[in-house]
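To start, the structure itself, in structure tokens.
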């Protein structure tokens, strides 16, 4: 049983989080859950920077990759506070959730998926990193809700609970496509102009 499944069974988990003091330490799994990101994403933040501060216990007889990593809850709270977003477009500007190229839309992203026993098709509810805190907490307690990783490209061809939630990501993809097309056209005009000027010089 993974961490999300375990904590979903604890109805008081978020109440406990609110009662835990800032100087309490959390494991990597719990830190990732609290932030709403994957353990792998949290590891990338440690490697590349930009993530919350963490504690790494040094040990002379252990390899660095085997050393235990912990996070202070207060540091996680502060980091989350700086990454609050107003809407999906704003969310796209947050470090770790930036869409500037088509490749960004093929990278795995965490989405809340709802399993409907009366329907053979699962439905996407929202992107986990743009889900409001209150909704995120409520979803943790739902038996039919899980965080699943797939690309935005894949997500757009799946069923969604809300057409308006899907529309945000559809519009975001369209905005990036428009920017790429415009940039490509500008580059093409530049190449044509250079070719024309070079032909005159010859």
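Numbering (our numbering), first residue to last: 41 to 242.
No residue lacks a Cβ here, since even glycine has one placed at the ideal position from N, Cα and C.
Close Cβ partners of residue i (< 6 Å) along its chain, the five nearest in sequence each way excluded
i, result
"residue 193", "145 and 146"
"residue 206", "200"
"residue 119", "92"
"residue 204", "none"
"residue 136", "Because residue 136 sits at a pLDDT of 49, beneath the cut-off of 50, its placement in the model cannot be relied upon, and the point is left open."
"residue 85", "91"
Residue i and residue j closer than 7 Å at C-beta
i, j, result
"residue 66", "residue 113", "yes"
"residue 115", "residue 93", "yes"
"residue 195", "residue 154", "no"
"residue 148", "residue 168", "no"
"residue 139", "residue 226", "no"
DSSP beta-bridge partners of residue i
i, result
"residue 39", "Because the chain here runs from 41 to 242, residue 39 falls outside it and cannot be looked at."
"residue 110", "67 and 95"
"residue 200", "164"
DSSP-derived helix/strand/coil call for residue i
i, result
"residue 207", "helix"
"residue 143", "helix"
"residue 237", "helix"
"residue 169", "helix"
"residue 181", "coil"
"residue 133", "Unreliable positioning characterises residue 133 in this predicted model, as indicated by a pLDDT of 47, which lies under 50. The coordinate reading is nonetheless provided below. Looking at residue 133 - three-state DSSP - the assignment turns out to be coil, as it is neither helix nor strand."
"residue 115", "helix"
"residue 220", "helix"
"residue 78", "coil"
Contact set for residue i: own chain, Cβ-Cβ below 8 Å, skip 5 residues either direction
i, result
"residue 171", "76, 152, 165 and 179"
"residue 156", "162, 163 and 184"
Sequence-distant residues of the same chain with beta carbon closer than 7 Å to residue i, five excluded per side
i, result
"residue 71", "82, 111 and 116"
"residue 63", "112 and 114"
"residue 198", "164"
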